[in-house]
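**Student:** Sharing a structure with you now.
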């Protein structure tokens, strides 16, 4: 076995090791993990104890065959690490201690997995609860372990520093201590170091610098949480000492990071709520210290665990999000990445759901009454649409409009807006004479379809006897479920369409958007990922073109091959991860471009890997593609700024991102102005990516796709002097 191959086999271990240290601050930044590992070695035996514990946990998790992605992230290692450094600081080193640390590493994995299963059912993290349970257990049991001796090394800090780094490190330590640092800031540094049981400013300073490099938002929140608690202590008149405060102060730091920007999207609201949350942590900390003191046990991170879990659990019972505390839907282990992805997701998809609802008809229809309508869409039924078909003059009927058959929408097919199960059907009510209403049966002939838990669609005023489905039937998106009629409270033929959370005819509506809608409104055309079309909008489902789907509708298991003008061959595989997310992976660079695709649209959602790769340029260029189109269709979108700007460019932006984002990266894709349809000649799409700051353009890039009847033929990207052209290799 070659040395390179041997190192590659243990690549997972080094990644998991450094991430285990970084996970203490909710990070997967490996450099931050290295910095924290160094911090733990300010006391040599503490560092060794932590390293032994986390190594044991990682190897045990690997041997037992748990999900490698979680192992690499350090999820099963950081609690063992905390137990190891805790035991290393409290007890004298020896074989018995190291054996107990080894056992604690094994136990940390088992308890972490148990709590992951229990708390995971409620969508809650297990945080540092495994560490607390094991550490308290061993502290209580140690009274019976006569062979274990309490350590006094923490008293002789200079000796320990000399062992680690010699005289130079001692001089640096004394220089730091002599700096005119305000008492409160000294306590902040002590509190950071105390997370690893290191009672030195040096440890806290290294941790603070690492925290700043890892996340500007997390660093800001750590200061905010600490000083809110510090001031609250002063207000309460609680006896204060630098030593005792620092060993409880990290609770305020961790709580602020967790609830201000990690498990909750950073925002004005998340920052403001800390004014209430952190004082609660203070009260719980002070009271628990009194209780735990009777058992000679440290409170350690228990207050942080209690408050964080209570708040996250309580947020799950909200009926709305009026205060703006949005929880994470895809954890990226960085407050900035979470914020930028969430902001971009909301801009692109709005209130999108894992279950998209589409228009229930073919062709172009006009919204003749929208949300909060003039006539019937009011109060509990305000989130609904009425659709009709108009001619070029905006008229909905031919002749004099005296008969239902004169109306263009009458007898047209009505479709299931998504896959589901039919809940209720009314099919025997007469269609009204034009101008009259059946107020005794307000909704007329109706179909209610269940699409998911608390998600139903209702289609009403259908034609008598036109409904071919019955309650209990399974229907697919686009299946005919009736025809447009004039039954119920309907003076003229039209289709009433609403989304609701209960399965009854007459249920109140919910505000839920329609997906992939082509809209013409006030002369402007757009294709929107999600929309609540307004009155007067002309809407339709674009019909996907087979050539476009061949080019961009990637199927798991397929491979895509490109060759650049320089002769470099790229092979991308279409894969699905543990969480069923689809992505393209480059075999050469291992870069990944995540995407979501449906019948009409391709959306790229995330990128991981090298930005100099061809797959990254493709991710940028195919960020949003419609398989259907109209002449001159223009698609517009925006990127998460962390996916396109250099980290140096967004460093300052990160500090104020929860309040204001001045950087933008916009995407435009143009379809031909007068398409002939696919023929023997290729079909060309072109577009632009524009980066700007304060609305001033910083950089523009251009791209082009060439598509023929077989699918994607070539891809071209231009950015400054960089020009990249790749030809698709077809088998």
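Residue numbers (the numbering used here): 461 to 1191.
Even glycine gets a Cβ: it sits at the ideal position worked out from N, Cα and C.
Quantities reported herein were computed from a predicted structural model and do not represent experimental measurements.
1) Measure the CB-CB distance between residue 523 and residue 472 and report whether it falls below 8 angstroms.
2) Apart from the five residues on each side of it in sequence, which residues of its chain come closer than 6 angstroms, Cβ to Cβ, to residue 857?
3) Using a Cβ-Cβ cut-off of 7 angstroms (strictly less than) and excluding sequence neighbours within five positions of residue 943, which residues of its own chain qualify?
4) Is the beta carbon of residue 1160 less than 8 angstroms from the beta carbon of residue 1166?
5) What is the rounded straight-line gap between the Cα of residue 827 and the Cα of residue 1150?
6) State yes or no: is the C-beta of residue 1032 within less than 8 angstroms of the C-beta of residue 965?
7) Just the C-alpha distance for residue 836 and residue 951, rounded to the nearest angstrom, thanks.
8) Here's a check: name, in chain order, each residue in its chain whose Cβ is nearer than 7 angstroms to the Cβ of residue 901, leaving out the five neighbours to either side.
9) Would you kindly check if the distance between the Cβ of residue 1163 and the Cβ of residue 1147 is under 8 angstroms?
10) Excluding five sequence neighbours on each side, which residues of the same chain lie with their C-beta closer than 6 angstroms to the C-beta of residue 1176?
11) Could you check how far apart the C-beta atoms of residue 738 and residue 689 are, in whole angstroms? I think they sit under 8 angstroms.
12) Is residue 991 near residue 970, with beta carbons less than 8 angstroms apart?
13) Judging by CA-CA distance, which residue of 978, 958, 983 is the nearest neighbour of residue 972?
14) Is it true that the stretch 1102-1112 meets the stretch 1056-1063, where meeting means three or more beta-carbon pairs spaced less than 8 angstroms apart?
15) Does the stretch 1080-1096 come close enough to the stretch 995-1012 to have 3 or more Cβ pairs within less than 8 angstroms?
16) Under the three-state reduction of DSSP, which class applies to residue 807: helix, strand or coil?
17) For the beta strand (DSSP E) that contains residue 974, what are its first and last residues?
18) What is the residue span of the alpha helix (DSSP H) that residue 900 lies within?
19) Enumerate in chain order the residues of its own chain whose CB-to-CB distance from residue 1142 is below 8 angstroms, with the five nearest sequence positions on each side excluded.
20) Under the rule that 16 or more other beta-carbon atoms within 10 Å means buried, what is residue 578, buried or exposed?
21) Taking CB distances under 8 angstroms as the criterion, tell me whether residue 848 reaches chain C.
22) Considering residue 880, what are the terminal residues of the beta strand (DSSP E) in which it resides?
23) What does a CB cutoff of less than 7 angstroms around residue 529 pick up in its chain, not counting 5 residues either side in sequence?
24) For the alpha helix (DSSP H) holding residue 1085, just list the boundary residues, first then last.
25) Could you give the distance in angstroms between the alpha-carbon of residue 880 and the alpha-carbon of residue 934?
26) Name the two residues that bound the continuous beta strand (DSSP E) containing residue 1102.
27) From residue 946 to residue 843, what does the alpha carbon distance come to, in whole angstroms?
28) Return the first residue and the last residue of the alpha helix (DSSP H) that residue 550 is part of.
29) Quick check on DSSP: helix, strand or coil for residue 616?
30) From what residue to what residue does the beta strand (DSSP E) around residue 841 run?
31) Do you know how far the Cα of residue 1129 is from the Cα of residue 1136?
32) For the stretch 792-811 against the stretch 481-497, do three or more pairs of beta-carbon atoms, one drawn from each stretch, fall closer than 8 angstroms, so that the two count as touching?
33) Check residue 568 in the structure and name its three-state DSSP category.
34) Helix, strand or coil: how does DSSP classify residue 1161 here?
35) What do you reckon, are the CB atoms on residue 725 and residue 678 nearer than 8 angstroms?
36) Which value, in whole angstroms, describes the spacing of the CA atoms of residue 673 and residue 994?
**Tutor:** Answer, in terms of the structure:
1) no
2) 866, 867
3) 871, 872, 873, 874, 922, 923, 926
4) no
5) 34 angstroms
6) no
7) 12 angstroms
8) If we look at residue 901 and ignore the five residues flanking it on each side, its Cβ neighbours are 889, 948.
9) yes
10) 1164, 1185
11) 5 angstroms
12) Not in contact: residue 991 and residue 970 (Cβ atoms no closer than 8 angstroms).
13) 958
14) no
15) Yes: at least three Cβ pairs fall under 8 angstroms.
16) In this structure, residue 807 counts as helix in the three-state DSSP scheme.
17) In this chain, the beta strand (DSSP E) harbouring residue 974 covers 974-981.
18) Careful: residue 900 lies outside any alpha helix (DSSP H) and carries neither H nor E.
19) Cβ contact annotation for residue 1142 (same chain, cutoff 8 angstroms, sequence separation greater than five): 1166, 1167, 1168, 1173, in chain order.
20) Exposed.
21) This model lacks chain C altogether, as it is built from one protein chain only.
22) 880-886
23) 1038
24) Premise fails: residue 1085 lies in the beta strand (DSSP E), 1084-1086, not in any alpha helix (DSSP H).
25) 6 angstroms
26) Run containing residue 1102: none; DSSP gives neither H nor E here.
27) 21 angstroms
28) 538-550
29) Unreliable positioning characterises residue 616 in this predicted model, as indicated by a pLDDT of 49, which lies under 50. A coordinate reading is not provided.
30) Premise fails: residue 841 is in no beta strand (DSSP E) and is neither H nor E.
31) Residue placement at residue 1136 is flagged as unreliable, the pLDDT there being 48, under the threshold of 50; the coordinate-derived value follows with that caveat. Cα to Cα, the separation comes out at about 18 angstroms.
32) yes
33) helix
34) Residue 1161 falls in the strand class under three-state DSSP.
35) no
36) 46 angstroms
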